[in-house]
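Protein chains in written order, with numbering that gives the first Met the number 0: chain Z, 0 to 437; chain P, 0 to 437. We put the beta carbon where it would ideally sit given N, CA and C, even for glycine. Since the structure is predicted, the reported quantities are computational estimates derived from the model, not experimental observations. Just below is one structure, and these are the notes that go with it.
2 protein chains.
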Amino acid sequence: MSSAAPSYRPHPISGFPEWLPQQRIVEQRLMDEIRATFERYGYVSLATPAVEELDVLLAKGETDKEIYTIQRLHGDSQGEARLGLRYDLTVPFARYVALHQNALVFPFKRYQIQPVWRGERPQEGRFREFYQCDIDVVDQNEVSLYLDAELLGIVHAVLDRMPLGGFRLRINNRKILHGFLAGLGLAATADAIRVLDKLDKIGPEKVAASLTGELGLSADAAGQCLRLVRIATPGDAFAEQVAALGVSHPVLDEGVAELRFVMNALRAYPHRSAVADLSIARGFDYYTGTIFEGVLTAYPAFGSICAGGRYENLVGTFSNKRLPGVGASIGLTRILSKLFQEGLVPLDTASLTDMLVVFPSEAMFETAVATAERLRLRGFNAELYPHPAKLGTQLKYANRKQVPFVWFPPFEPGGPHEVKDMKAGIQQAADPETWTRP
Amino acid sequence: MSSAAPSYRPHPISGFPEWLPQQRIVEQRLMDEIRATFERYGYVSLATPAVEELDVLLAKGETDKEIYTIQRLHGDSQGEARLGLRYDLTVPFARYVALHQNALVFPFKRYQIQPVWRGERPQEGRFREFYQCDIDVVDQNEVSLYLDAELLGIVHAVLDRMPLGGFRLRINNRKILHGFLAGLGLAATADAIRVLDKLDKIGPEKVAASLTGELGLSADAAGQCLRLVRIATPGDAFAEQVAALGVSHPVLDEGVAELRFVMNALRAYPHRSAVADLSIARGFDYYTGTIFEGVLTAYPAFGSICAGGRYENLVGTFSNKRLPGVGASIGLTRILSKLFQEGLVPLDTASLTDMLVVFPSEAMFETAVATAERLRLRGFNAELYPHPAKLGTQLKYANRKQVPFVWFPPFEPGGPHEVKDMKAGIQQAADPETWTRP
Numbered sequence: 000m001s002s003a004a005p006s007y008r009p010h011p012i013s014g015f016p017e018w019l020p021q022q023r024i025v026e027q028r029l030m031d032e033i034r035a036t037f038e039r040y041g042y043v044s045l046a047t048p049a050v051e052e053l054d055v056l057l058a059k060g061e062t063d064k065e066i067y068t069i070q071r072l073h074g075d076s077q078g079e080a081r082l083g084l085r086y087d088l089t090v091p092f093a094r095y096v097a098l099h100q101n102a103l104v105f106p107f108k109r110y111q112i113q114p115v116w117r118g119e120r121p122q123e124g125r126f127r128e129f130y131q132c133d134i135d136v137v138d139q140n141e142v143s144l145y146l147d148a149e150l151l152g153i154v155h156a157v158l159d160r161m162p163l164g165g166f167r168l169r170i171n172n173r174k175i176l177h178g179f180l181a182g183l184g185l186a187a188t189a190d191a192i193r194v195l196d197k198l199d200k201i202g203p204e205k206v207a208a209s210l211t212g213e214l215g216l217s218a219d220a221a222g223q224c225l226r227l228v229r230i231a232t233p234g235d236a237f238a239e240q241v242a243a244l245g246v247s248h249p250v251l252d253e254g255v256a257e258l259r260f261v262m263n264a265l266r267a268y269p270h271r272s273a274v275a276d277l278s279i280a281r282g283f284d285y286y287t288g289t290i291f292e293g294v295l296t297a298y299p300a301f302g303s304i305c306a307g308g309r310y311e312n313l314v315g316t317f318s319n320k321r322l323p324g325v326g327a328s329i330g331l332t333r334i335l336s337k338l339f340q341e342g343l344v345p346l347d348t349a350s351l352t353d354m355l356v357v358f359p360s361e362a363m364f365e366t367a368v369a370t371a372e373r374l375r376l377r378g379f380n381a382e383l384y385p386h387p388a389k390l391g392t393q394l395k396y397a398n399r400k401q402v403p404f405v406w407f408p409p410f411e412p413g414g415p416h417e418v419k420d421m422k423a424g425i426q427q428a429a430d431p432e433t434w435t436r437p
Numbered sequence: 000m001s002s003a004a005p006s007y008r009p010h011p012i013s014g015f016p017e018w019l020p021q022q023r024i025v026e027q028r029l030m031d032e033i034r035a036t037f038e039r040y041g042y043v044s045l046a047t048p049a050v051e052e053l054d055v056l057l058a059k060g061e062t063d064k065e066i067y068t069i070q071r072l073h074g075d076s077q078g079e080a081r082l083g084l085r086y087d088l089t090v091p092f093a094r095y096v097a098l099h100q101n102a103l104v105f106p107f108k109r110y111q112i113q114p115v116w117r118g119e120r121p122q123e124g125r126f127r128e129f130y131q132c133d134i135d136v137v138d139q140n141e142v143s144l145y146l147d148a149e150l151l152g153i154v155h156a157v158l159d160r161m162p163l164g165g166f167r168l169r170i171n172n173r174k175i176l177h178g179f180l181a182g183l184g185l186a187a188t189a190d191a192i193r194v195l196d197k198l199d200k201i202g203p204e205k206v207a208a209s210l211t212g213e214l215g216l217s218a219d220a221a222g223q224c225l226r227l228v229r230i231a232t233p234g235d236a237f238a239e240q241v242a243a244l245g246v247s248h249p250v251l252d253e254g255v256a257e258l259r260f261v262m263n264a265l266r267a268y269p270h271r272s273a274v275a276d277l278s279i280a281r282g283f284d285y286y287t288g289t290i291f292e293g294v295l296t297a298y299p300a301f302g303s304i305c306a307g308g309r310y311e312n313l314v315g316t317f318s319n320k321r322l323p324g325v326g327a328s329i330g331l332t333r334i335l336s337k338l339f340q341e342g343l344v345p346l347d348t349a350s351l352t353d354m355l356v357v358f359p360s361e362a363m364f365e366t367a368v369a370t371a372e373r374l375r376l377r378g379f380n381a382e383l384y385p386h387p388a389k390l391g392t393q394l395k396y397a398n399r400k401q402v403p404f405v406w407f408p409p410f411e412p413g414g415p416h417e418v419k420d421m422k423a424g425i426q427q428a429a430d431p432e433t434w435t436r437p
């Protein structure tokens with residue numbers, strides 16, 4: 000049979016990244032490390048379907064994330080539930096906890112490493128399908144503030160193992176922003192926070208203009224706001240600087256006390272990268288207390304590589320019980336794209352194969368398979384070349400796949416085994432029962 | 000804050016299974032084992048996006064699998080590519096190989112463990128979202144028949160580790176069916192194969208009636224067909240039985256020779272479960288040679304738990320090059336659902352935590368964290384109770400999560416460490432620097 004012209008010539012779909020084998024090995028290694036770290040701290044794994052009912056995805060009101068809906072190609076949409084792809088892992092987790100609460104042990108500590116989908120315009124570091132690595136705790140009635148510190152410590156531990164060239168965890172508390180604005184006499188605090196959130200993008204002049212314009216703050220009050228969001232300190236030194244601004248409100252006091260508690264508890268964990276940074280607002284509206292995000296110090300314009308916070312009422316959207324939570328999310332695909340783009344990880348491994356086992360001839364097939372099977376039983380990843388090609392072809396394949404060893408089973412009955420160290424170029428006799436990697 | 004009435008009460012979505020933590024631990028363990036086995040044989044990992052262009056999903060003509068399309072909820076569909084969720088992993092893999100062929104080393108051996116989606120009516124063992132574990136090889140011009148045996152050996156090795164209570168791999172070759180029917184003088188061999196594929200469901204009388212009716216075979220010829228598809232033998236004994244039917248055609252000879260080769264090569268691998276079974280047809284139309292499926296011997300009506308075959312022309316649908324392939328797919332979600340339903344796996348582990356570290360008091364927080372961090376560095380999964388609750392509460396939590404050990408850090412500065420073996424009920428002094436699991 001000869002090949003006809005292809006019926007369809009494929010091309011990459013913008014925003015849906017896929018990796019080459021060398022990159023996939025890096026992705027898997029990072030996923031394995033993240034999973035191991037999450038499990039080290041006692042979190043259990045969870046996976047939820049890609050699909051949720053639209054009512055779940057929209058339960059907190061319209062989201063600013065673009066949702067993908069799904070329909071059967073030949074479906075009659077009548078009578079089918081309206082379904083969509085999840086846009087984050089927190090909402091499905093909250094729905095899961097509400098649905099299965101009677102089967103779970105609280106405090107329920109879980110992690111989840113899965114893709115999410117957003118129909119947004121793709122740009123640098125922003126994809127339509129991307130993996131998030133989430134870790135959350137939900138508890139009955141109250142979720143311990145110590146957990147905010149634990150989660151930040153875990154995120155720090157995970158990121159610290161990656162070759163990111165430095166990162167910073169910026170931590171804040173929503174109550175500080177709300178309380179401060181309320182203390183200034185503002186009622187529409189959420190609108191003002193949305194304006195303050197744009198500081199990095201539009202600069203202080205435009206922020207001040209918005210605050211005094213649409214939102215009706217005095218020039219003095221707007222100046223206070225800008226001073227507040229410029230506060231960024233390690234530890235709890237931020238609290239004194241807030242106090243010096245002379246604004247007072249019970250919600251502000253609560254927020255300062257909570258952030259202080261978290262910053263102090265965090266000292267028990269790896270925390271070098273952590274700063275209390277009062278400019279952090281986070282767009283998502285389910286956060287109610289602690290909020291944080293992580294950025295790369297070498298690429299400040301790249302956007303956040305992780306984020307999280309407390310959500311007192313999210314699970315309650317789906318349940319009569321009070322089940323507050325706190326969580327963190329690491330943007331693995333975004334991080335990987337940067338690592339690849341900047342060449343921060345070596346892509347020198349095209350396979351995890353320990354040795355290629357040469358296929359000498361049809362007659363020696365069973366001996367070659369038996370040799371490979373023996374090496375596999377001993378824990379090696381042993382790949383058999385799939386047919387008795389010329390030796391040069393088989394060695395070239397091993398070279399191109401960067402396989403470190405080539406194993407030569409007997410070329411005739413009763414012959415010797417030999418192994419070649421491809422890097423050192425040395426070939427010598429070896430026994431499949433006892434050989435170990437030099 | 001008190002909880003308001005929930006805005007939406009969630010419920011499970013039919014066909015989209017999600018597991019409890021105890022079940023998820025089993026799923027992850029099986030996935031890890033499958034992955035390790037695939038890597039043992041030198042296959043590299045690949046992941047493709049959930050989404051493909053509809054043109055890719057439909058490139059081989061209308062599929063019998065119900066495809067889900069995706070649309071942005073607020074999207075203007077004008078000018079957007081028509082996208083759908085993959086319904087298997089073979090078509091995306093073929094598209095991947097065609098797209099990235101210049102960056103790949105051939106023979107290209109890859110595995111892929113990801114979910115797929117089909118908008119079919121959910122029923123026992125049939126889901127709308129389910130994980131497949133695929134392993135395939137694509138090569139230039141020709142893909143070695145030895146690989147059919149290797150893949151069957153790998154599938155056997157994977158399934159053999161699962162508590163399935165016996166399974167059978169039924170192996171056939173499409174060319175035998177096509178060639179036999181052509182040898183009987185039939186032109187529309189594909190239609191006849193579709194009829195023969197229904198043998199298990201509708202029985203021999205109805206199959207014979209269809210063959211002599213719509214397809215115009217003589218009663219004699221229909222009888223020959225039924226005799227052919229009843230042939231099932233271990234090893235290559237099937238060949239003699241086919242020859243005894245006295246039908247001759249070059250394609251039939253080719254199919255018999257190929258199946259004979261595969262059955263003989265398979266003897267070098269674990270193969271106890273393998274039979275040449277000429278009734279296997281497999282619905283998918285991209286298979287051209289070897290086809291196979293696996294069934295549970297204890298649950299013959301449950302449907303196939305794995306399947307695969309050779310596809311000479313699938314990658315060529317997307318490329319000018321000749322890139323034939325052969326692959327196998329294990330239906331992990333279907334298998335899991337059966338294991339859970341029949342109680343074939345113990346669900347006695349609710350976490351992978353080695354020890355719960357007690358949180359004695361606010362004052363001892365830093366000591367407790369330091370103890371847990373020390374144990375983590377030593378390789379233990381150590382979970383810190385999240386706040387200084389009553390000791391009884393903390394122990395009850397450890398019990399409910401089936402955590403095997405509870406670690407008591409000092410309750411006052413300079414105090415001793417102790418550890419309690421929850422099963423044995425023994426509590427004794429321990430050093431976090433040296434303690435090992437008894």
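{"Check": "Span separating the alpha-carbon of Glu-124 (chain P) from that of Gln-340 (chain P)", "Outcome": "Correcting the residue identity first, residue 124 (chain P) is Gly in this sequence and not Glu. When rounded, the distance between both Cα atoms is 10 Å."}
{"Check": "Run of the alpha helix (DSSP H) containing Pro-249 (chain Z), from where it starts to where it stops", "Outcome": "249-264"}
{"Check": "Exposure label - Ile-197 (chain P); buried when at least 16 CB within 10 Å", "Outcome": "Strictly speaking, residue 197 (chain P) in this sequence is Lys, with Ile absent from that position. Lys-197 (chain P) comes out exposed."}
{"Check": "Cutoff 8 Å: Ile-153 (chain P) Cβ touching any chain Z Cβ", "Outcome": "no"}
{"Check": "Gln-113 (chain P) vs Leu-88 (chain P) beta-carbon contact at 8 Å", "Outcome": "yes"}
{"Check": "Arg-375 (chain Z) versus P:Thr-36, P:Ser-13, P:Gln-27 and P:Glu-17, residue with shortest Cα-Cα distance", "Outcome": "P:Thr-36"}
{"Check": "As assigned by DSSP and simplified to three states, the class of Met-354 (chain Z)", "Outcome": "strand"}
{"Check": "Same chain, Cβ closer than 8 Å to Ala-429 (chain Z), neighbours up to 5 away in sequence not counted", "Outcome": "Trp-406, His-416, Glu-417 and Val-418"}
{"Check": "Closest Cα partner of Ala-264 (chain P) within the set Z:His-386, Z:Leu-394 and Z:Ala-181", "Outcome": "Z:His-386"}
{"Check": "Per-residue burial, His-155 (chain Z) [other beta carbons within 10 Å of its own, 16 or more giving buried]", "Outcome": "buried"}
{"Check": "Residues of the region 44-71 of chain Z whose Cβ lies closer than 7 Å to any Cβ of chain B, in chain order", "Outcome": "As a matter of chain content, chain B is missing from the structure shown, whose protein chains are Z and P."}
{"Check": "Members of the region 187-202 of chain P that neighbour chain Z once the beta carbon cut-off is set at 7 Å", "Outcome": "none"}
{"Check": "Among Z:Asp-135, Z:Met-161 and Z:Ile-279, nearest to Ile-170 (chain Z) - alpha-carbon criterion", "Outcome": "Z:Ile-279"}
{"Check": "Span separating the alpha-carbon of Glu-26 (chain P) from that of Leu-335 (chain P)", "Outcome": "7 Å"}
{"Check": "Listed by chain order, chain P residues near Gln-27 (chain Z) by CB distance under 8 Å", "Outcome": "Ser-44"}
{"Check": "Chain-order list of residues whose beta-carbon lies under 6 Å from that of Glu-128 (chain Z) (same chain, five-residue window excluded)", "Outcome": "Phe-15, Pro-114 and Trp-116"}
{"Check": "Short-range partners of chain P found in the region 79-100 of chain Z, where Cβ spacing is below 8 Å", "Outcome": "Ala-80, Leu-82, Gly-83, Leu-84, Arg-94, Tyr-95, Ala-97, Leu-98 and His-99"}
{"Check": "Nearest-angstrom beta carbon gap, Val-142 (chain P) and Lys-108 (chain P) [assumed within contact, 8 Å]", "Outcome": "At roughly 10 Å, the Cβ-Cβ gap does not stay under 8 Å, so Lys-108 (chain P) and Val-142 (chain P) are not in contact."}
{"Check": "Cβ neighbour criterion (16 or more within 10 Å) applied to Met-0 (chain Z)", "Outcome": "In this predicted model, Met-0 (chain Z) has a pLDDT of only 40, less than 50, meaning its place in the structure is not dependable; the value taken from the coordinates is given anyway. Looking at its Cβ environment, which holds fewer than 16 other Cβ atoms inside 10 Å, Met-0 (chain Z) is exposed."}
{"Check": "Length at least 4, wholly inside the region 117-180 of chain P: the alpha helix (DSSP H) runs in chain order", "Outcome": "145-159"}
{"Check": "Test: Phe-339 (chain Z) CB closer than 8 Å to a CB of chain P", "Outcome": "no"}
{"Check": "In chain order, each alpha helix (DSSP H) run of at least 4 residues that lies wholly inside the region 35-108 of chain P", "Outcome": "53-56 and 89-99"}
{"Check": "Integer-rounded CB distance, given that Arg-85 (chain Z) should sit under 8 Å from Glu-51 (chain Z)", "Outcome": "5 Å"}
{"Check": "Sub-8 Å separation of Leu-383 (chain P) and Phe-358 (chain P) beta-carbons", "Outcome": "yes"}
{"Check": "N- and C-terminal bounds of the beta strand (DSSP E) containing Phe-404 (chain Z)", "Outcome": "404-407"}
{"Check": "Distance between Phe-126 (chain P) and Gly-330 (chain P) (C-alpha atoms, nearest Å)", "Outcome": "11 Å"}
{"Check": "Exposure label - Glu-292 (chain Z); buried when at least 16 CB within 10 Å", "Outcome": "buried"}
{"Check": "Three-state secondary structure assigned by DSSP to Pro-203 (chain P)", "Outcome": "helix"}
{"Check": "Per-residue contacts from Ser-318 (chain Z) into chain P (C-beta, under 9 Å)", "Outcome": "Ser-2, Pro-5, Arg-8 and Pro-9"}
{"Check": "Proximal chain P residues relative to Ala-15 (chain Z), where beta-carbon distance stays under 7 Å", "Outcome": "Note on residue identity: the sequence assigns Phe, not Ala, to residue 15 (chain Z). Simply Pro-48 and Val-50."}
{"Check": "Beta-carbon separation (whole angstroms), Thr-188 (chain Z) vs Leu-180 (chain Z), contact threshold 8 Å", "Outcome": "4 Å"}
{"Check": "Run of the alpha helix (DSSP H) containing Gln-340 (chain P), from where it starts to where it stops", "Outcome": "331-340"}
{"Check": "Min CB distance Arg-23 (chain Z) to chain P below 8 Å", "Outcome": "yes"}
{"Check": "Straight-line gap, Glu-257 (chain P) to Pro-233 (chain P) (C-alpha atoms, nearest Å)", "Outcome": "15 Å"}
{"Check": "Between the CA atoms of Arg-71 (chain P) and Ser-2 (chain P) - distance to the nearest angstrom", "Outcome": "Annotation note: pLDDT 45 at Ser-2 (chain P) (below 50); position unreliable, coordinate value reported separately. Cα to Cα, the separation comes out at about 32 Å."}
{"Check": "Through-space distance from Val-368 (chain Z) to Phe-260 (chain P), alpha-carbon basis", "Outcome": "15 Å"}
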